Every structure is written in C-alpha cells, then in structure tokens.
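Per the working numbering, the very first residue in the sequence shown carries number 34; after that it's consecutive. Each remark here refers to the structure printed beneath this line.
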Amino acid sequence: MNIKELLLNGQSFLALLKEFAIEAKDVIIQDENLLLTDQNLAQSEILKETICIEGKNESGIFNFFGTLHCNLLNKLAVFEMQGFERVGLPTN
C-alpha cells in the first residue's frame, strides 16, 4: 500500500482535496518512492517527514506543504498542512 492510498482513507485529506476541487487521481506525493525505500524507515514503524503533495484542478496546479505522519504497520497516515501555493495554470 502506498502513502497516497493511506491518506485517501482519512476524512481530513479527502476534505482538503474537496476544498480545492482536486480529484484523487490528480494527486502526486513528491518523492513517495524515496520515502518508502528509506532504510531508516525499515527500522521504525512511524514515519514523520516534511513533504510536498501536488494536486491539479481546472484552476491550476497546487503544492501543499506539510508534515506526513505515517504508521505503516497500522496502515494509517495523516497529512498536517502548513501551507500551499498555486504554481501554474492548466494547459489545454
């Protein structure tokens, strides 16, 4: 199971996407593979990492910055947003 799937199980992350009119399929977690293959993570059941999540909608591309709290053993993840920026307009 990847981090995006874990976050989509939580109501607060779904509410964030809804607030910005972003579909789950249009969300990318930056460096997700790097986070999951980190050797330090293998020795710890809880991951706390500053991340960037990119989401797209009709208004443009948004980057959400914050802290990911993730417990892979219990398959729980929470994103604590500290801020966001709109970085581009959609191209047609």
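Ideal placement from N, C-alpha and C gives every residue a C-beta, glycine not left out. Fair warning: this is a prediction, and the values are worked out from it, not measured in the lab.
8 angstroms contact criterion, which residue i and residue j should meet: CB distance rounded
i	j	result
Asn-90	Ala-57	Their Cβ separation, rounded to whole angstroms, is 12 angstroms, which puts Asn-90 and Ala-57 out of contact at 8 angstroms.
Leu-101	Ile-79	Actually they are not in contact, since the Cβ atoms of Leu-101 and Ile-79 sit about 11 angstroms apart, beyond 8 angstroms.
Leu-122	Gly-93	5 angstroms
Coarse secondary structure for residue i, derived from DSSP in three states
i	result
Leu-41	helix
Lys-81	strand
Ile-36	helix
Within 8 angstroms, strictly: CB atoms of residue i and residue j
i	j	result
Asp-64	Gly-88	no
Asn-104	Glu-118	no
According to DSSP, residues forming a beta bridge with residue i
i	result
Ile-62	Ile-86
Ile-94	Lys-89, Gly-121
Thr-70	DSSP, once it has assigned bridges, lists no residue as partnering Thr-70.
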